[in-house]
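Numbering (numbering that gives the first Met the number 0), first residue to last: 0 to 306. Where a beta carbon is used, it is the ideal one built from N, C-alpha and C, also for glycine. These numbers were taken from a predicted model, which means no experiment stands behind them. In what follows, a single structure is set out as structure tokens and then discussed.
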Amino acid sequence: MLCFIVNEHSRSGKGAKIWKEAEAVLKKKNIAYESYVTQYEGHAFSLAHDICECGADDIQLVVVGGDGTANEVINGMTHFEKVRFGVIPTGSGNDLARGLGITGTPTEVIGHILNCREDYVMDLGQVSWNGCEKPRLFAISAGAGLDALVCKKALKSKVKDALNKLHLGKLTYLFLTVQSLFTMQTTDAGAFFDGKGQKNHKKMIFAAAMNFRAEGGGVPMAPGADAQDGKLSVCMAWGIPKWRTFLCLPLLVTANHLRIRGFEVTNCKEYDLKLKTPMVLHADGEYCGDVTEMHFQCLPKKLHVMW
Numbered sequence: 000m001l002c003f004i005v006n007e008h009s010r011s012g013k014g015a016k017i018w019k020e021a022e023a024v025l026k027k028k029n030i031a032y033e034s035y036v037t038q039y040e041g042h043a044f045s046l047a048h049d050i051c052e053c054g055a056d057d058i059q060l061v062v063v064g065g066d067g068t069a070n071e072v073i074n075g076m077t078h079f080e081k082v083r084f085g086v087i088p089t090g091s092g093n094d095l096a097r098g099l100g101i102t103g104t105p106t107e108v109i110g111h112i113l114n115c116r117e118d119y120v121m122d123l124g125q126v127s128w129n130g131c132e133k134p135r136l137f138a139i140s141a142g143a144g145l146d147a148l149v150c151k152k153a154l155k156s157k158v159k160d161a162l163n164k165l166h167l168g169k170l171t172y173l174f175l176t177v178q179s180l181f182t183m184q185t186t187d188a189g190a191f192f193d194g195k196g197q198k199n200h201k202k203m204i205f206a207a208a209m210n211f212r213a214e215g216g217g218v219p220m221a222p223g224a225d226a227q228d229g230k231l232s233v234c235m236a237w238g239i240p241k242w243r244t245f246l247c248l249p250l251l252v253t254a255n256h257l258r259i260r261g262f263e264v265t266n267c268k269e270y271d272l273k274l275k276t277p278m279v280l281h282a283d284g285e286y287c288g289d290v291t292e293m294h295f296q297c298l299p300k301k302l303h304v305m306w
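Right, here's the structure in full:
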């Protein structure tokens with residue numbers, strides 16, 4: 000059972016064009032499939048849930064969309080052992096596709112998916128927070144602070160829409176990072192890695208639990224992260240003056256930031272974070288809330304990916 004969940008509006012309408020090209024391959028090869036076009040925020044979640052609950056024993060579920068749509072689908076999925084997941088990237092960031100090594104034209108990507116014989120089995124992360132009704136899964140990253148604030152702003156950003164039309168969508172994150180850095184409030188944090196004693200961080204700027212090495216359109220927050228090692232790589236920045244953080248941005252983009260005092264990456268299976276004052280929390284760029292307590296954990300070998 001081959002199903003596609005399509006976000007035609009991703010990257011300011013680019014998603015519809017990419018799906019049209021991929022669908023032409025399916026029709027040319029006379030391949031049976033079902034396609035569902037998302038109509039509103041959260042629709043991909045319910046579509047994925049209904050597909051996974053249909054009773055089929057072998058489901059191939061392909062997302063045609065960006066990282067946000069993929070996150071909705073993964074959170075809507077059930078019976079993971081019966082589902083093979085795929086993605087045809089159409090977003091502006093495409094960090095999931097980048098982490099998986101998915102490249103090429105829509106025709107090439109759909110060809111790889113259709114011819115896949117051995118899945119890439121990857122970990123997923125899960126985050127819960129004070130006041131949440133249900134934990135949220137993430138494939139790329141989840142975290143609080145600067146990166147989460149940037150993600151929240153990007154969801155409603157007119158700058159992002161404008162840059163997408165110019166095929167410069169990745170610059171959205173850089174622009175919003177610089178803008179947010181000098182206006183955000185830092186906070187004191189207590190971190191617990193794998194249940195061990197508290198580590199205190201004064202004036203925390205961000206904490207990002209990474210499954211893949213990069214987020215925000217390719218920024219390598221945790222250069223050594225591996226989505227198959229059963230661990231999250233938590234990148235934290237704290238106690239750094241904002242002007243100095245600004246000067247460190249080129250080092251962050253080029254994966255040289257860990258040489259700077261105030262940046263740290265810790266690999267762990269579970270991670271708890273407690274903040275003195277609330278910060279924005281995101282999961283794969285999707286806004287979760289303004290919170291003070293979070294629990295992150297790795298779910299090993301959870302997702303079977305066709306690629």
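Can you tell which of the options has its C-alpha closest to the C-alpha of residue i?
| i | options | result |
| --- | --- | --- |
| L123 | L274, E269 and W306 | E269 |
| A138 | V290, N210 and P219 | N210 |
| T89 | G103, T77 and I58 | G103 |
| K155 | V5, W306, R10 and K301 | R10 |
| A188 | A15, D225, M235 and R212 | M235 |
| I1 | M220, M203, I101 and I109 | Note that residue 1 corresponds to Leu in the displayed sequence, not to Ile. Of M220, M203, I101 and I109, the residue nearest in Cα terms is I109. |
| H200 | G67, C297 and F262 | F262 |
| D57 | R97, G65, K81 and G64 | K81 |
| E52 | G64, H78 and A15 | H78 |
| F192 | L113, L272, G288 and E285 | L272 |
| V233 | N266, V218 and P249 | N266 |
| E285 | L136, A47 and G238 | L136 |
| Y39 | E33, L250, G54 and V5 | V5 |
| C287 | L113, R212 and C131 | C131 |
| G67 | H8, V218 and R83 | H8 |
| W306 | L113, A55 and K16 | L113 |
| V218 | P134, A43, G54 and G98 | G98 |
| S140 | L173, I239, E107 and L231 | L231 |
| M293 | K133, K28, T182 and V177 | K133 |
| F245 | V264, K157 and T176 | T176 |
| V304 | A47, K27 and R83 | R83 |
| L173 | Q184, A190 and K152 | K152 |
| M220 | G238, G196 and C247 | C247 |
Just to check my reading of the structure: residue i and residue j have Cβ atoms closer than 8 Å, yes? What is that Cβ distance to the nearest angstrom?
| i | j | result |
| --- | --- | --- |
| E214 | D94 | 5 Å |
| S45 | G75 | 6 Å |
| A207 | G142 | 4 Å |
| L180 | K275 | That belief does not hold up - the Cβ atoms of L180 and K275 are roughly 20 Å apart, past 8 Å. |
| V86 | V62 | 5 Å |
| G229 | C297 | 6 Å |
| S91 | G64 | With a Cβ gap of about 11 Å, S91 and G64 do not count as contacting. |
| M203 | T186 | 6 Å |
Just mark residue i as buried or exposed, buried being the case when its beta carbon has 16 or more other beta carbons within 10 Å.
| i | result |
| --- | --- |
| G194 | exposed |
| W128 | buried |
| I30 | exposed |
| Q59 | buried |
| Q125 | buried |
| V332 | Any property of residue 332 remains undetermined from this structure, which presents the chain solely from 0 to 306. |
| W18 | buried |
| F3 | buried |
| P299 | exposed |
| T253 | exposed |
| D360 | There is no way to answer for residue 360, as the model of the chain reaches only from 0 to 306. |
| G14 | buried |
| R212 | buried |
| K198 | exposed |
| P249 | exposed |
| T106 | exposed |
On the DSSP bridge assignment, give the partners of residue i in chain order.
| i | result |
| --- | --- |
| C2 | E33 and L60 |
| Y119 | V304 |
| S140 | M209 |
| K16 | Answer by DSSP bridge pairing: none, since K16 is not bridged. |
| W237 | M203 |
| G288 | L280 |
| L274 | A188 |
| M183 | BP columns for M183 are empty, so no partner. |
| V126 | R135 and F295 |
| N266 | S232 |
| I87 | V63 |
| K198 | A190 |
| E214 | V218 |
| V82 | I58 |
Taking 6 Å as the cut-off, does the CB of residue i come closer than this to any heavy atom belonging to the ligand MN?
| i | result |
| --- | --- |
| S11 | Of the ligands one can find in the structure shown there are none, so the ligand MN has no counterpart to examine. |
>> Is it the case that the stretch 142-151 contacts the stretch 264-283, given that we only count it when at least three CB pairs across the two stretches are under 8 Å?
In response: Contact between the stretch 264-283 and the stretch 142-151 is present: three or more C-beta pairs spanning the two stretches fall below 8 Å.
>> If contact is defined by three or more beta carbon pairs under 8 Å, each pair taking one atom from either stretch, is the stretch 68-82 in contact with the stretch 16-24?
In response: The stretch 16-24, when compared against the stretch 68-82, does not touch it at the 8 Å Cβ threshold.
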